[in-house]
Amino acid sequence: MCGIVGYIGPENGREILMKGLARLEYRGYDSAGIAMVGSDGRLRIVRCEGKLSGLDSKLVGNPVNGTIGVAHTRWATHGRPSEENAHPHRCGPFALVHNGIIENYAPLKEELIKEGRLFSSQTDTEVIVALLEREWRKTGEYKQAVRNTLKKLKGSYAVVIVNEEEPDMLVAARNESPLIMGLSDSSFFLASDVPAILPYTRNVIYLNDEEIVFLSRQGYAIESLRDGEKKNPPVQQVNWNPIMAEKAGYKHFMLKEIYEQPRAVIDTFRSVVDLDRKEVVFPELNLEKELLEKIERVFIVACGTSYHAALVAKYMIEGLCRVPVEVDLASEFRSRNPILSDKILLLVISQSGETADTRAALKEGLDKGAHCRAIVNVVGSSIARMAQGVIYTHAGPEIGVASTKAFTTQLVALYLLAIHFARQTGKIDRETLEQCVQELIELPGKMEKVLSNTDKISAWARRFKDYKDFLYLARGALYPIALEGALKLKEISYIHAEGYAAGEMKHGPIALIDAEMPVMVLLRHGPLFEKMISNIQEVKARDGIILALIEGEPSEILGPAEFQFVLEPSSQWLSPVLFSLPLQLLAYHVAVLRGTDVDQPRNLAKSVTVE
Ligand code: AGP
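So the mapping is simple: our numbering equals the position in the sequence shown, first residue as 1, plus 7.
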């Protein structure tokens with residue numbers, strides 16, 4: 008949450024900072040600001056409530072310019088969205104941007120107020136810059152003042168500071184909030200995430216917790232906050248390109264990302280499947296036969312859409328590997344003192360690799376001696392670096408706040424893990440493994456077919472866009488897809504929607520059903536089909552409107568064919584991928600028709616880096 012950009016180099020950095028913010032706006036968009044030291048040596052700050060476009064307008068004709076500066080797009084935690092709460096915050100010669108939460112800001116603020124300091128915002132961030140100014144007056148030394156200040160903070164932060172008195176130095180630090188550094192021939196960049204700097208460089212250093220970096224025009228020095236030890240982390244090459252983070256002619260990032268899914272799925276399995284031998288090889292997972300054989304239980308932990316992927320994985324891993332799987336929301340797992348040991352595989356799933364609760368859950372697993380692995384989309388993210396092994400989803404940058412391609416690639420990564428696990432522990436034979444791989448190879452073609460046949464979904468969106476509530480029902484491995492379909496609809500269209508296990512309907516939600524309630528049902532042929540049909544009859548008997556996603560061919564029992572969307576049959580473990588697509592598209596089209604901000608829905612942020 009919150010996007011930070013910093014620049015120092017020979018160029019006029021204003022455009023670099025503003026373009027960088029635009030690429031990070033998915034991280035927060037309730038206010039924005041920029042601070043630069045100009046060639047006249049003056050620090051100028053412009054801030055604005057609302058989206059980045061407001062800041063753009065405010066900057067027209069404004070002399071904010073320079074070759075050093077910082078910028079910020081905010082997702083409010085302390086203090087409502089307003090200009091006075093927008094970053095950068097200034098005190099004396101310093102302007103500072105921050106992402107994170109300072110947990111001890113209240114006593115620190117009280118101390119500063121007692122000393123006579125006045126505050127103009129309700130933020131925790133203003134306390135940091137006020138402390139810095141006090142320490143600087145005390146010590147008379149900039150670097151020491153930064154160290155002293157940061158040592159007083161409890162909580163999470165990524166900060167970047169510009170100093171009017173030292174206009175040739177940018178200072179940054181992080182603790183539990185993401186911050187990367189980009190290096191080109193003559194410039195240095197700081198950012199919360201890679202897309203901000205992709206147009207300028209792919210050479211990146213991933214800063215670690217409790218590290219400070221001092222960037223001058225000649226070079227940089229990284230040191231540990233605690234003991235001042237010099238650090239020399241490797242410069243890594245990012246394999247994303249700037250085009251991947253653009254809309255490429257689509258009206259919204261979400262739509263582009265929906266249509267990228269067949270490609271993303273191929274990239275995800277191509278990186279680990281030996282297509283000739285039909286075998287799965289995970290180069291960065293560190294989870295081989297001897298270890299898998301010792302695993303007595305698997306915990307899968309995540310938030311939001313990634314949690315729904317975890318729920319599908321329970322069906323896959325229990326079904327294929329016959330090992331018990333527990334799935335938890337990261338926010339609950341981390342605070343319930345889970346029982347873990349070296350017989351447990353803890354798998355965390357996160358698109359961003361920065362979600363605070365998922366990160367804390369992983370730390371809990373590491374501290375308690377579980378074998379901790381992660382499924383992550385962003386290379387170099389905190390979770391990717393903390394885990395003892397990683398499977399990367401190769402979705403590319405996901406900019407739309409509503410997760411789409413990250414979700415389906417997570418499902419594919421989990422499927423690959425399940426078949427690898429099952430094969431290594433002798434639960435499936437070679438022939439079954441080959442068949443599983445073959446089904447995966449056929450999946451992108453089936454996804455293409457769904458995505459090229461969407462007239463019916465658009466018609467459903469037109470017909471149902473003004474309804475107040477939706478219910479999504481399914482059973483088995485499609486049940487989490489009902490949850491995900493409901494989440495997609497509510498987060499971007501603001502229509503109330505609930506996903507339910509169809510068998511649970513008569514234990515409560517059936518009371519809601521009447522002629523005003525569209526009920527989306529997901530069904531495929533197999534052992535659960537008849538039971539789904541019974542649930543559908545129960546809905547129809549109460550005048551509920553059935554919309555059906557069905558594998559194979561339409562069924563008369565479901566009602567008129569216009570309310571049935573047919574998908575090609577696929578295996579029980581891969582059908583969740585296919586069923587996700589029409590639900591993403593329905594949510595998208597409903598949101599567009601209702602005129603909501605599809606890519607940046609209200610109150611949300613892409614990467615939830617605060618607890
Ligand atoms: C869903 O559309 C959301 N973007 C959200 O639920 C998201 O999946 C959740 O915040 C977890 O994010 P992560 O995968 O980056 O950890």
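Using N, Cα and C, we set each Cβ at its ideal position, and we do this for glycine too.
Is it the case that the CB of residue i approaches a heavy atom of the ligand AGP more closely than 7 Å?
{"i": "Leu565", "result": "no"}
{"i": "Val605", "result": "no"}
{"i": "Ser338", "result": "no"}
{"i": "Glu498", "result": "yes"}
{"i": "Cys310", "result": "yes"}
{"i": "Ser587", "result": "no"}
{"i": "Thr365", "result": "yes"}
{"i": "Val526", "result": "no"}
{"i": "Lys412", "result": "no"}
{"i": "Lys263", "result": "no"}
{"i": "Ser359", "result": "yes"}
{"i": "Thr362", "result": "yes"}
{"i": "Lys258", "result": "no"}
{"i": "Leu494", "result": "yes"}
{"i": "Ser313", "result": "yes"}
{"i": "Ser562", "result": "no"}
{"i": "Ser614", "result": "yes"}
{"i": "Ala409", "result": "yes"}
Measuring only the C-alpha atoms, how far is residue i from residue j?
{"i": "Phe570", "j": "Phe414", "result": "26 Å"}
{"i": "Arg154", "j": "Glu575", "result": "60 Å"}
{"i": "Val211", "j": "Gly189", "result": "5 Å"}
{"i": "Gly376", "j": "Leu347", "result": "7 Å"}
{"i": "Phe536", "j": "Ser357", "result": "32 Å"}
{"i": "Glu618", "j": "Thr362", "result": "8 Å"}
{"i": "Glu441", "j": "Thr461", "result": "32 Å"}
{"i": "Tyr486", "j": "Val334", "result": "14 Å"}
{"i": "Arg97", "j": "Ile168", "result": "10 Å"}
{"i": "Glu446", "j": "Lys370", "result": "35 Å"}
{"i": "Leu318", "j": "Tyr149", "result": "50 Å"}
{"i": "Ile502", "j": "Gly492", "result": "12 Å"}
{"i": "Arg482", "j": "Leu519", "result": "19 Å"}
{"i": "Phe428", "j": "Asp349", "result": "17 Å"}
{"i": "Leu494", "j": "Asn248", "result": "30 Å"}
{"i": "Glu295", "j": "Ile109", "result": "41 Å"}
{"i": "Ala548", "j": "Ile540", "result": "12 Å"}
{"i": "Glu652", "j": "Phe572", "result": "Examination of residue 652 is not possible in this model, given that the chain is present from 8 through 618 alone."}
{"i": "Asp606", "j": "Phe471", "result": "21 Å"}
{"i": "Trp580", "j": "Val67", "result": "54 Å"}
{"i": "Leu424", "j": "Cys443", "result": "12 Å"}
{"i": "Cys379", "j": "Leu373", "result": "6 Å"}
{"i": "Trp467", "j": "Leu556", "result": "12 Å"}
How would you label residue i, buried or exposed, when you count the other beta carbons within 10 angstroms and need 16 or more for buried?
{"i": "Ala228", "result": "exposed"}
{"i": "Ile250", "result": "exposed"}
{"i": "Pro290", "result": "exposed"}
{"i": "Ile390", "result": "buried"}
{"i": "His532", "result": "exposed"}
{"i": "Leu354", "result": "buried"}
{"i": "Lys158", "result": "exposed"}
{"i": "Leu388", "result": "At residue 388 the sequence reads Ser, which differs from the Leu that was named. Classification of Ser388: buried, given that the 10 Å Cβ count is 16 or more."}
{"i": "Ser184", "result": "buried"}
{"i": "Leu161", "result": "Residue identity check: residue 161 is Lys in the sequence provided, not Leu. It is exposed - the Cβ of Lys161 has fewer than 16 other Cβ atoms within 10 Å."}
{"i": "Lys453", "result": "buried"}
{"i": "Ile564", "result": "exposed"}
{"i": "Ile219", "result": "buried"}
{"i": "Ser46", "result": "exposed"}
Can residue i and residue j be called in contact, C-beta distance under 8 Å?
{"i": "Leu177", "j": "Ile15", "result": "yes"}
{"i": "Ala271", "j": "Lys412", "result": "yes"}
{"i": "Leu292", "j": "Val385", "result": "no"}
{"i": "Ala320", "j": "Ala337", "result": "no"}
{"i": "Val104", "j": "Ile135", "result": "no"}
{"i": "Leu332", "j": "Val288", "result": "Per the sequence presented here, residue 332 reads as Val, with Leu not at that position. Not a contact, by the Cβ cut-off of 8 Å."}
{"i": "Ser191", "j": "Pro17", "result": "no"}
{"i": "Arg601", "j": "Ser465", "result": "no"}
{"i": "Pro525", "j": "Phe586", "result": "no"}
{"i": "Leu50", "j": "Pro100", "result": "yes"}
{"i": "Asn19", "j": "Thr84", "result": "no"}
{"i": "Thr275", "j": "His94", "result": "no"}
Under 8 Å between C-beta atoms, does residue i make it to chain B?
{"i": "Leu298", "result": "Absent from the structure: chain B. Only one protein chain is present."}
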